[in-house]
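Novice:
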Ligand SMILES: Nc1ncnc2c1ncn2[C@@H]1O[C@H](COP(=O)(O)OP(=O)(O)O)[C@@H](O)[C@H]1O
Ligand SMILES: [Mg+2]
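In the working numbering, the protein residues as written are 8 to 372.
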């Protein structure tokens, strides 16, 4: 106790009490915060507010004394009984620590947190609005895209109808043309169906296991006759295929057909006079690739950069600029991407790269 009498911390107020709870020692900080002097304190009883929470002699009390108590300061009070070595109660010691600064910091943190929460809510609102306007934009694009697609399909159907009519007039077999017409009509129905599905969550059930080589062959069957008959350059374009087996992916066959039809059409349009288009499938590192390479005019830097922008076209009134943005969307929906290589005057190669379907536990390599 004698040693404790020398405590005069500027940080902590210290009081020593005897067994009757009379103050036997007070340091200056304690007097300061109880708004009195050391001399007044020594010999007096514990001030009223402090005895209130002392139910019995041997209570250990820990509490926060608010600013009303001590000149705008917030204090932490620690009060504990002192016992003799024999275990007899001999008095108490009270220690008050100034936690005003910590409290203010805590308050500031709380305020900052509240501000942050508010900002977050504003951000969420803004994001929602953005999503909404993006959805409207997508809707508009989809509508235009569907018109573009249906137009493509109608071209294929009309081309095949012309060929079929000619064949029938000469007593030939038009089965192939009718097959192609059927496939094209089914694709158109699927396109219309997709328009109805906008806004609804993606229907996973329409995804099946498909082989990119088979899909490519389907597209060629449908597109080639129409090209040959109606395309201005149809006759001069040499089409080569190089298909690898087992390029199986999980996807929507009709979407992949649509993507390939768009890329092929662009390739054909890029060829002025005569040229070659190669359609190839291959697999590597867990991905299946479907590549269309042409020996057309190629793309400059600007065109390559804006290739996927909706409504970007270099074909003036003849183009819609929607083909490649649809192809890009289809690639993304299949968790894949498009790889574009192009050189002005040499040609272009566009690869649709989609993750291979996993078989069992181990992914195909
Ligand atoms: N194979 C290609 N070779 C050269 N340019 C291409 C090729 N594919 C696309 N492009 C360029 O990208 C543009 C956008 O293509 P797309 O989105 O299909 O719209 P559109 O065919 O209606 O112009 C085309 O106008 C063309 O300039
Ligand atoms: Mg196009």
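We put the beta carbon where it would ideally sit given N, CA and C, even for glycine.
With which residues is residue 346 paired in a DSSP beta bridge?
Specialist: Locating residue 346 in the chain shown gives position 339, counting from the first residue. DSSP, once it has assigned bridges, lists 358 as partnering residue 346.
Novice: Residues near ligand 2, CB to any non-hydrogen atom under 6 Å, in chain order?
Specialist: 269, 272, 273 and 330
Novice: Output the distance between the C-alpha atoms of residue 272 and residue 179, rounded to the nearest integer angstrom.
Specialist: By one-based count along the chain shown, residue 272 stands at place 265. By one-based count along the chain shown, residue 179 stands at place 172. The alpha-carbon atoms of residue 272 and residue 179 are separated by roughly 28 Å.
Novice: Is any heavy atom of ligand 1 found at a distance shorter than 7 Å from the C-beta of residue 322?
Specialist: Against the chain shown, residue 322 aligns to sequence position 315. Indeed, a heavy atom of ligand 1 lies less than 7 Å from the Cβ.
Novice: Could you spell out where the beta strand (DSSP E) holding residue 289 opens and where it closes?
Specialist: Position 282 of the chain shown holds residue 289. Taken as a continuous stretch (DSSP letters only), the beta strand (DSSP E) holding residue 289 covers 282-291.
Novice: Which value, in whole angstroms, describes the spacing of the CA atoms of residue 215 and residue 258?
Specialist: Taking the chain shown and counting its residues from 1, the one referred to as residue 215 is at position 208. Taking the chain shown and counting its residues from 1, the one referred to as residue 258 is at position 251. Answer to the nearest angstrom: the Cα atoms are 5 Å apart.
Novice: Tell me which same chain residues have a C-beta within less than 7 Å of the C-beta of residue 97, skipping the five on either side of it?
Specialist: Within the chain shown, residue 97 is the residue found at index 90, counting from 1. The answer, listed in chain order, is 26, 89, 90 and 91.
Novice: At which residues does the alpha helix (DSSP H) containing residue 375 begin and terminate?
Specialist: The displayed coordinates of the chain run from 8 to 372. Any statement about residue 375 would go beyond what the structure contains.
Novice: Would the stretch 339-357 count as touching the stretch 296-316 if we require 3 or more Cβ pairs under 8 Å?
Specialist: yes
Novice: Kindly indicate which three-state DSSP category residue 279 falls into: helix, strand or coil?
Specialist: Within the chain shown, the letter at position 272 stands for residue 279. Looking at residue 279 - three-state DSSP - the assignment turns out to be coil, as it is neither helix nor strand.
Novice: Helix, strand or coil: which one does DSSP assign to residue 83?
Specialist: For the purposes of this step, residue 83 is taken as the residue at position 76 of the chain shown. In this structure, residue 83 counts as strand in the three-state DSSP scheme.
Novice: Which full runs of the alpha helix (DSSP H) of 4+ residues lie inside the stretch 296-332, going along the chain?
Specialist: 308-313
Novice: Tell me, please, which residues DSSP counts as bridged to residue 222.
Specialist: What you label residue 222 is simply residue 215 of the chain shown in a count that begins at 1. Per DSSP, none; premise fails for residue 222.
Novice: Apart from the five residues on each side of it in sequence, which residues of its chain come closer than 6 Å, Cβ to Cβ, to residue 314?
Specialist: As a position in the chain shown, residue 314 is number 307, starting the count at 1. Excluding sequence neighbours, residue 314 sits near 331.
Novice: Classify residue 341: buried if its beta carbon has 16 or more other beta carbons within 10 angstroms, exposed otherwise.
Specialist: Here residue 341 corresponds to residue number 334 of the chain shown, with the count starting at 1. Residue 341 should be labelled buried.
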